[in-house]
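In what follows, a single structure is set out as structure tokens and then discussed.
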Amino acid sequence: MSTRLASHGRLINRARALSFTFNGKVMSGFEGDSLAASLLANDQMLMGRSFKYHRPRGVLASGGEEPNALINLGVESGFEPNARATTTETFSGLTAASQNHFPSLEFDVGAINSKLSRFLPAGFYYKMFIHPRSFWKHIYEPIIRHSAGLGKAPKARDQDSYEHYYHHCEVMVVGGGIAGLQAAQSAAATGVRVLLVEQTAHWGGRAPVDGVTIDGLAAEDWVAQTLAELAACDNVVIRNRTQGSGVYDHGYALAYERIADHTPGDGRPRHRLWRVRCKQIVTATGAIERPLSFAGNDIPGVMLASAVRDYVVNFAVSPGDRTVVVTNNDDAYRTALCLLEAGLEVPLIVDARPEGGGALMEAVQASGIRVALGRGIAKVKGGKRVTGVQICAQAGEGSVLEEVACDVVAMSGGWSPVVHLWSHCGGKLIWDADQAMFRPDPDQPPLGADGAGFVKVAGLANGHLRSAPVLEDAAEQGRAVGRAAGGKVQKAAVPAAMDAEEVALSPVWLMPQGASYALRSKAWLDFQNDVKVSDVQLAAQEGFESVEHAKRYTTLGMATDQGKLSNINGLAILSKSLNAPIPDVGTTTFRPPYTPISMASLAGEARGELFQPVRKTPMHAWHDSHGADWEPVGGWRRPYAYLRGSETVAQAVEREVINTREKLGFLDASTLGKIIVKGPDAGKFLDMMYTNMMSNLQPGRCRYGLMCSENGFLSDDGVVARIDEQTWLCHTTSGGADRIHAHMEEWLQTEWWDWKVWVVNVTEQLAQVAVVGPNARKLLEKLGGMDVSAERLPFMAWADGTIAGIDCRAYRISFSGELSYEIAVPANQGLVFWEMLMEAGAEFGAMPYGTECLHILRAEKGFIMIGDETDGTVIPQDLGLSWAISKKKDDFLGKRAQQRSFMDNPDRWQLVGLETLDGSVLEDGAYAIAEGSNANGQGNTQGRVTSTYYSPTLGKGIAMGLVHNGPERMGEVIYFTKIGTNPVQAKIVSPVFYDPEGEKANV
Amino acid sequence: MLILNCPYCGCYKDETELSAGGEAHLKRFGPGASDAEFEGYLFGRVNPKGVHFERWRCASGCGKWFHAARCTATLEVFGTYKAQTLKPPQAIKDAISAKRPGWTWRDFS
Ligand SMILES: [Zn+2]
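Respectively, the protein sequence lines represent chains E and F.
The first sequence begins at 1256 in the numbering used here and counts up by one.
The second sequence begins at 692 in the numbering used here and counts up by one.
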């Protein structure tokens, strides 16, 4: 059983006991524990079920590479799935639950998959579920949905807060082991600003566990001393619990700080995402121990040798009473020595190397432990817990020589440098055959903006397995990045590190070397995704020779651990199956983040109201307190309608339409874009921007204009007013102002930069109100201040003046077909002006109206709306707007495009009005049905509905649409689709349903 | 994430503060141009592996358009310059030649 030891435990505080629950069971741990350590201390080795076969799984590792111990943390709004028990710090009140099982962790019906495993080989999904298609939806998908997936998606809204932090420095050092500390110190000594981050709560990495001494000090003491020295430097920022997660182009890096994961509810943000911009990066990210591939290597109790000693030394946790160590290298002997020292039993060390190891092996043998050389594990025995191992010759096929009882197997297949951050941005790797590892190729680093490398790797991550060269390398890399970042290098002695001599490892990719199929199909490579040696061999056999293909076919390395433990072993198996050397097979691409980071940290503060701040007109609050039913429009909120009493939205819209047509309506039109174009060349410029002529517009007059893209398509419309000789004011669509302003700037800056034109976006400087309806003039005359008569201010004219003492500019323009004034006042007068209109307008039946009423009013008049009648493929000629395209101008944006044969051709879908024969409302986007069907068997179409409404004015459904040669087919009845029912008949009519002569606006 | 020096602001900007505008030094063809000329102008963009000239806008800064000369393969930036020019300044061309001897791009070399 696993239990807490009386000795050891350098990271725990025995004075502070903590209480937590696992699957509802109350357990206790100590401050400083990882959750995995706490669980082991409570004899909870079984921590989860595997993804595909639902096999019982225990903890395998002690760090971020852990594939098995994924748990659900917290409840409700604090719930998080797939947390790694090894990187979760235990705190009082922590609630953890195992995942991926039904009904319980101990008894799981999904484990039947394991018995069926020979029917679930690599590529099973691809092979089985392709045909017949209909089976996918009704049979396979529901089954897979039920059994697949890790953890559960959170349902409640996240209660915690998160933030982004921007950091600028010259050098970032990732990793707080002895290499990272030394590199940071050497870089800081050059005078540059250094950021040092460590993903765990603790500094020093493996050195304190492995008994390294540095300059005569125990590693732990050297680490404390160095850390204190760094903390005292003004130019150094240090953060623990902060993972260097990703390296991106030009010295950009992301770090993920877990501020309050271990102190929930203390008011601090839970996570902080550091967005770092630096000149140079050192990754001192250490190495990860590789598992060995033997049958039953996934049974709970089989662990990495280094993890076993981490639990003993750091947390005073014994994973088991009797541990068999299996290795191909010297380092694992440290685990045996550590267990002996803790008073635990090590019945046997299985060393695959016929000659065995060096000094560490001799020390182990001197302690009386038996070492079996040239041996391997044929098979691990046990179900939910290891009960023993069968020993065989490594060179053979697995004939059992003896059985040894044990409850832990500590395995070590050598070490793989953590090269992820080096690789994120293009750093290349070389295969180091002597050490059987990929390590960074210093000649092919990720390149920065200046074309030089900006990432260096130090220590273990750079392939140095012994501590003396680790420190030498770290000091050298630290100095190098300091120099490259503009610092001044001074001579300094490198601390001397001492550790045990080691002899070379012998690569072992399969144990035993000639393992039978039965053994290979129980030898796990990827624990999280349940990929075995036999699966990779099958992939190779079926022709998936590229490592990227084999990965996808088998799902090797595609789980949340991204193959930290499985990649090299899987690659070696693939290489052997293909009979190609490992470097020729190549590696898969490492992508950030290094381990999964919270989605919420990526969002940071951009949640809720801060996700996209709402743009508000000066009258926003008034609308809100008068029943506005809001609609988002290009970053703004506009009232869709103003609800009164118990009326529905549809009833409110109908009331607003009728009231505006018959009496008086007000629209808050402040969102309309307003752009001033000014200068000696402004007229010439606007003639290029608009399809029609704007240079000959007279001061005091307005003109409706169209803007096209250079590709000829209609992009925006609006009324242009000429203010004076050199000044025009261009109205754009609501939400179009920023885009059109940028469009104008682009042409002015990049094409006609010698033209003397200024463009200013004044949209938010002005509040604008449309005063609409037969009573509009009466109201303005009542308020007084300016002459608004038809003589002084005729249709399509504008004038400056005051209304009831407020400076304003009144435009006689109409988007409704009624007598209409659009009145602009300074934004800070907008609310006062609006309230005054409401009050004075009461006697004329004034009511505010919203955007839906606006839409209906304009549709009844056949006015187009950008985004309804246009979709980026429509030209003005399609909309009957040829009258607004100048024939006189030599050039304007879109003119050449519209001369292309397919645009200069009437054989297109063109705008018409549509009236259903039964008076019903056509569906928005409905297609006009044509005869026959296309090559895909889909019915042919001859048009579509672009705007469709119930018209309260006419008491029936009206619509506009684009129909093939529509204007020549007036009176013809065609069919439109209606979802779920029979097509609807509609007659092609003029798009102007109301007041075709335009008499009402022009009075 | 790239950093580019805005020649108007005179300081470095993150890629997220900029907006990309495609190939630089386009020659506009309007009415009177042949179909081939117009097609080339509107759609015919080069996508080289190596030296490239691009338009960028200092969108969250001064709002100005500028040009960047950079290597699309290594992301090395050879220089940036104001957009009000028909060809890259000699200093930019020299900077590229120092790193990529013999380079050519469209009509420039
Ligand atoms: Zn700028």
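Just so you know, even glycine gets a beta-carbon here, dropped at the ideal spot from N, CA and C.
{"Item": "From which residue to which residue does the beta strand (DSSP E) around GLU2252(E) run?", "Value": "Note, GLU2252(E): premise wrong, no beta strand (DSSP E); not H, not E."}
{"Item": "Does any heavy atom of ligand 1 sit closer than 7 Å to the C-beta of GLY752(F)?", "Value": "yes"}
{"Item": "Using the beta-carbon count (16 or more within 10 Å), is ASN1232(E) buried or exposed?", "Value": "For residue 1232(E) there is no data in the structure shown, the boundaries of chain E being 1256 and 2258."}
{"Item": "Give the straight-line distance between the Cα atoms of ILE694(F) and LEU1315(E), rounded to the nearest whole angstrom.", "Value": "42 Å"}
{"Item": "Can you find a C-beta in chain E that's less than 8 Å from the C-beta of PHE720(F)?", "Value": "yes"}
{"Item": "Please state the DSSP three-state secondary structure of SER788(F).", "Value": "helix"}
{"Item": "Under the rule that 16 or more other beta-carbon atoms within 10 Å means buried, what is VAL2236(E), buried or exposed?", "Value": "It should be pointed out that residue 2236(E) corresponds to Thr in this sequence rather than to Val. Burial call: exposed."}
{"Item": "Candidates GLY741(F), ASP726(F), LYS740(F): which alpha carbon is nearest PHE734(F)'s?", "Value": "ASP726(F)"}
{"Item": "Can you find a CB in chain E that lies within less than 8 Å of the CB of LEU709(F)?", "Value": "no"}
{"Item": "Please report the residue range of the alpha helix (DSSP H) in which ASP798(F) lies.", "Value": "Neither: ASP798(F) is in no alpha helix (DSSP H) and is coded neither H nor E."}
{"Item": "Taking the straight line between their C-alpha atoms, what separation do you get for VAL2129(E) and LEU1969(E)?", "Value": "6 Å"}
{"Item": "Which residues mark the beginning and the end of the alpha helix (DSSP H) in which GLY2085(E) is found?", "Value": "2085-2096"}
{"Item": "Given that GLY701(F) touches chain E, what residues does it touch there, using C-beta distances under 8 Å?", "Value": "Within chain E, no residue comes near GLY701(F); the closest Cβ sits about 16 Å away, beyond 8 Å."}
{"Item": "Short of 6 Å in beta carbon distance, which residues of its chain neighbour GLY1925(E), apart from the five on each side in sequence? Order them along the chain.", "Value": "Looking at the sequence provided, one finds Ser at residue 1925(E) rather than Gly. Contacts found: THR1872, ALA2022, GLN2023."}
{"Item": "Roughly how many whole angstroms lie between the Cα atoms of GLU2077(E) and THR2005(E)?", "Value": "35 Å"}
{"Item": "If we count Cβ pairs, one from each stretch, closer than 8 Å, do we get three or more for the region 1722-1741 of chain E versus the region 1405-1421 of chain E?", "Value": "no"}
{"Item": "ASN1947(E) bridges to which residues according to DSSP?", "Value": "In DSSP, ASN1947(E) forms no bridge with anything."}
{"Item": "Within the continuous beta strand (DSSP E) that includes ALA1883(E), where are the two ends?", "Value": "1883-1888"}
{"Item": "HIS1505(E) CB to nearest chain F CB: under 8 Å?", "Value": "yes"}
{"Item": "For the alpha helix (DSSP H) containing GLU728(F), list its first residue and its last residue.", "Value": "726-733"}
{"Item": "Check distances from the C-beta atoms of the region 2129-2158 of chain E to those of chain F and list, in chain order, the residues that come in under 8 Å.", "Value": "ASP2145, ASP2146, LYS2150, ARG2151, ALA2152, GLN2154, ARG2155"}
{"Item": "Starting from TYR2104(E), trace the alpha helix (DSSP H) in both directions and tell me its first and last residue.", "Value": "Where TYR2104(E) is concerned, there is no enclosing alpha helix (DSSP H), given that its DSSP letter is neither H nor E."}
{"Item": "I'd like to know whether the C-beta of PHE729(F) is nearer than 8 Å to at least one C-beta of chain E.", "Value": "yes"}
{"Item": "Is LYS773(F) close to ligand 1? I mean its beta-carbon at under 7 Å from any heavy atom of the ligand.", "Value": "no"}
{"Item": "Which first and last residues belong to the beta strand (DSSP E) in which PRO1336(E) is found?", "Value": "1335-1339"}
{"Item": "Going by the beta-carbon positions, is the gap between CYS1661(E) and GLY1643(E) smaller than 8 Å?", "Value": "yes"}
{"Item": "What's the call for ILE1493(E), buried or exposed, on a 16-neighbour Cβ count within 10 Å?", "Value": "buried"}
{"Item": "On the three-pair Cβ rule with 8 Å, is the region 2100-2118 of chain E touching the region 2190-2200 of chain E?", "Value": "no"}
{"Item": "Smallest Cα separation from GLU1756(E): which of GLY1741(E), SER1776(E), THR1350(E), LEU1720(E)?", "Value": "LEU1720(E)"}
{"Item": "Taking 8 Å as the CB-CB limit, is LYS790(F) close to chain E?", "Value": "yes"}
{"Item": "If you measure between the beta carbons of ARG1532(E) and HIS1423(E), is that distance less than 8 Å?", "Value": "yes"}
{"Item": "Does ligand 2 have a heavy atom nearer than 7 Å to the CB of TYR703(F)?", "Value": "As far as ligands go, the structure on display features ligand 1 and does not contain ligand 2."}
{"Item": "Check whether the Cβ of ALA774(F) lies closer than 8 Å to any Cβ atom in chain E.", "Value": "yes"}
{"Item": "For a quick check, are the C-beta atoms of ALA2035(E) and VAL2027(E) less than 8 Å apart?", "Value": "Before going further, note that residue 2035(E) is Leu rather than Ala in the sequence given. Not a contact, by the Cβ cut-off of 8 Å."}
{"Item": "For the putative contact between ALA1735(E) and GLU1965(E), defined by C-beta atoms under 8 Å, what is the C-beta separation to the nearest angstrom?", "Value": "At roughly 50 Å, the Cβ-Cβ gap does not stay under 8 Å, so ALA1735(E) and GLU1965(E) are not in contact."}
{"Item": "Could you tell me the alpha carbon to alpha carbon distance between GLU2046(E) and GLY2040(E), rounded to whole angstroms?", "Value": "16 Å"}
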